[in-house]
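**Q** Numbering (our numbering), first residue to last: 8 to 314. Note that beta-carbon positions come from the ideal geometry of N, C-alpha and C, so glycine has one too. My structure is below; once you've seen it, I'll send some questions.
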Amino acid sequence: MKVAILHHDLEWTEKELKRILKEKFNADVELFDIRRVVLEDFKSFNPDLILNRVYASVANRDYTSLKKTLSLLRSLDETFLIVNSFNASLSDYSKAHSFNLMKSVNIRTPNTKLYDENYDIQSNILGLGNFPLIVKRDTGGRGIGLRKCNTLEEIEQAVNNIKSSEDYTGGIIFQEFHSPIEGYDYRVWIVGGEVILYHKRTLISSNGEAPWLASRSLGSKILPPEVSIPEDLKEFSKAAAESIGAEFDVLDIIKTGTGYSVIEHNPTPNVRPEYEGILGFNVLEKLIDSIRKKYLKMEVLLDGSNN
Ligand SMILES: Nc1ncnc2c1ncn2[C@@H]1O[C@H](COP(=O)(O)OP(=O)(O)O)[C@@H](O)[C@H]1O
Ligand SMILES: [Mg+2]
Numbered sequence: 008m009k010v011a012i013l014h015h016d017l018e019w020t021e022k023e024l025k026r027i028l029k030e031k032f033n034a035d036v037e038l039f040d041i042r043r044v045v046l047e048d049f050k051s052f053n054p055d056l057i058l059n060r061v062y063a064s065v066a067n068r069d070y071t072s073l074k075k076t077l078s079l080l081r082s083l084d085e086t087f088l089i090v091n092s093f094n095a096s097l098s099d100y101s102k103a104h105s106f107n108l109m110k111s112v113n114i115r116t117p118n119t120k121l122y123d124e125n126y127d128i129q130s131n132i133l134g135l136g137n138f139p140l141i142v143k144r145d146t147g148g149r150g151i152g153l154r155k156c157n158t159l160e161e162i163e164q165a166v167n168n169i170k171s172s173e174d175y176t177g178g179i180i181f182q183e184f185h186s187p188i189e190g191y192d193y194r195v196w197i198v199g200g201e202v203i204l205y206h207k208r209t210l211i212s213s214n215g216e217a218p219w220l221a222s223r224s225l226g227s228k229i230l231p232p233e234v235s236i237p238e239d240l241k242e243f244s245k246a247a248a249e250s251i252g253a254e255f256d257v258l259d260i261i262k263t264g265t266g267y268s269v270i271e272h273n274p275t276p277n278v279r280p281e282y283e284g285i286l287g288f289n290v291l292e293k294l295i296d297s298i299r300k301k302y303l304k305m306e307v308l309l310d311g312s313n314n
């Protein structure tokens with residue numbers, strides 16, 4: 008099989024995907040840097056599958072590349088199999104967009120509003136309920152610019168902080184805070200509508216509050232699940248991934264006093280080397296295997312280039 012990896016920076020996940028594709032699946036792999044690639048490059052390579060990994064490394068610092076990715080995907084979608092496609096990527100790059108899609112099919116997730124500069128902060132947050140409220144970048148990315156705010160002043164500061172970042176020209180969102188009742192969240196991996204794996208992440212907090220934040224850089228740990236995925240979490244996750252049209256999605260879900268809530272969709276997740284030791288298998292190998300079995304044409308699967 009021929010696989011194109013569309014990327015920005017090459018981080019561990021992209022390099023590992025390439026290695027596994029070549030070594031385990033005997034694939035012909037080419038890398039395409041979003042900053043230089045043109046449509047014709049894909050046409051001449053003619054891949055069976057395009058893995059779109061652009062968001063992974065630059066979500067929070069190269070908005071121009073995200074916009075270029077979307078316009079490229081729109082053209083490529085007609086001809087090629089892309090994971091993830093144009094539609095799913097829209098939700099990857101905009102939390103407000105994914106909120107609207109989830110809301111339209113009643114998937115529980117924090118109520119969200121996109122900041123409108125024409126109105127003051129008070130009018131912007133109208134309808135979101137009591138403090139605390141979450142302020143973050145619409146595109147997200149490694150928690151940059153994320154603040155949990157308890158006053159209007161804090162919200163104003165959080166907004167100004169995002170506005171002043173030179174490399175970000177996207178939207179800002181305000182969100183209801185959903186309070187987790189467990190000390191961890193769930194990360195549920197879905198390919199083609201089926202759960203392929205799940206695990207937990209410990210939540211952390213600063214200044215003595217109850218743990219609420221999943222942040223690897225601040226110390227959240229990956230935990231293996233003790234049991235197979237609960238049926239209600241499985242059905243909730245499948246419906247959530249379907250609502251944004253994702254071929255592949257990693258959902259961040261918490262349990263609240265009134266049920267599960269989707270905190271975020273990650274159609275372009277990052278993986279770290281320690282996953283394999285903790286979970287006991289290679290997550291990226293499982294991912295590639297699930298994608299090829301679900302989406303690749305039989306003649307590609309049988310062409311002898313996989314084991
Ligand atoms: N509305 C919210 N309610 C509760 N926790 C939240 C909310 N928004 C974000 N968080 C916490 O902050 C983390 C980072 O936010 P997220 O939306 O995933 O942004 P990013 O795209 O930067 O990863 C989440 O994993 C979650 O722990
Ligand atoms: Mg996140």
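Out of 165, 17, 267, which has the shortest C-alpha to C-alpha gap to residue 238?
**A** For the residues 165, 17, 267, the minimum Cα distance to residue 238 belongs to 267.
**Q** With a cut-off of 8 Å on the beta carbons, I'd call residue 36 and residue 12 a contact; round off their distance for me.
**A** With a Cβ gap of about 6 Å, residue 36 and residue 12 count as contacting.
**Q** Alpha carbons only, please: which of 53, 10, 174, 263 is nearest the one belonging to residue 90?
**A** Out of 53, 10, 174, 263, 10 has the C-alpha closest to the C-alpha of residue 90.
**Q** Output the residue ranges of the alpha helix (DSSP H) runs that lie fully inside the segment 211 to 267 and measure 4 residues or longer, sorted by chain position.
**A** Counting only runs of 4 or more, we get 238 to 250.
**Q** With H, G and I counted as helix, E and B as strand and the rest as coil, what does DSSP make of residue 114?
**A** Of the three classes helix, strand and coil, the one that applies to residue 114 here is coil, per DSSP.
**Q** Kindly provide the ranges of any beta strand (DSSP E) runs that are 3 or more residues long and lie completely inside the segment 85 to 142, ordered along the chain.
**A** 119 to 121, all fully within the segment 85 to 142.
**Q** With DSSP as the reference, label residue 26 as helix, strand or coil.
**A** In the structure shown, residue 26 sits in a helix (DSSP, three-state: H, G or I).
**Q** Given a threshold of 16 other Cβ atoms within 10 Å of its Cβ, counted over all protein chains shown, does residue 27 qualify as buried or as exposed?
**A** The residue in question, residue 27, is buried, as its Cβ has 16 or more Cβ neighbours within 10 Å.
**Q** Return the first residue and the last residue of the beta strand (DSSP E) that residue 40 is part of.
**A** Its beta strand (DSSP E) spans residues 35 to 40.
**Q** Identify whether residue 73 lies in helix, strand or coil by the three-state DSSP scheme.
**A** Three-state DSSP puts residue 73 in a helix.
**Q** Straight-line CA distance for residue 314 to residue 22?
**A** Here the model assigns residue 314 a pLDDT of 45, short of 50, so the residue's position is not dependable and the matter cannot be decided.
**Q** How should residue 244 be labelled, buried or exposed, when 16 other C-beta atoms within 10 angstroms of its C-beta is the threshold for buried?
**A** Classification for residue 244: buried.
**Q** Closest to residue 29 by C-alpha separation, out of 305, 291, 108, would be which residue?
**A** Looking at the Cα atoms, 291 is the closest of the given residues.
**Q** Quick one: give me the first and last residue of the beta strand (DSSP E) that residue 201 is part of.
**A** Unbroken beta strand (DSSP E) run through residue 201: 201 to 209.
**Q** By Cβ distance below 6 Å, which residues in the same chain neighbour residue 321 in space, the five residues on each side in sequence not counted?
**A** Because residue 321 is not part of the residues shown, which for the chain are 8 to 314, the question remains open.
**Q** What does a CB cutoff of less than 7 Å around residue 75 pick up in its chain, not counting 5 residues either side in sequence?
**A** Cβ within range, chain order: 41.
**Q** What is the rounded straight-line gap between the Cα of residue 183 and the Cα of residue 211?
**A** Distance between the alpha carbons of residue 183 and residue 211: 19 Å.
**Q** Secondary structure at residue 179, three-state DSSP: helix, strand or coil?
**A** Three-state DSSP puts residue 179 in a strand.
**Q** Starting from the Cα of residue 115, find the closest Cα among 165, 190, 264 and give me that residue.
**A** The residue with the shortest Cα to Cα distance from residue 115 is 264.
**Q** Say yes only if the C-beta of residue 165 is nearer than 7 Å to one or more non-hydrogen atoms of ligand 1, and no if none qualify.
**A** The answer is no for residue 165.
**Q** Which residues does DSSP pair with residue 271 in a beta bridge?
**A** Bridge partners of residue 271: 259.
**Q** Taking residue 129 as the reference, give the member of 271, 169, 160 with the closest Cα.
**A** For residue 129, the nearest C-alpha among the options comes from 160.
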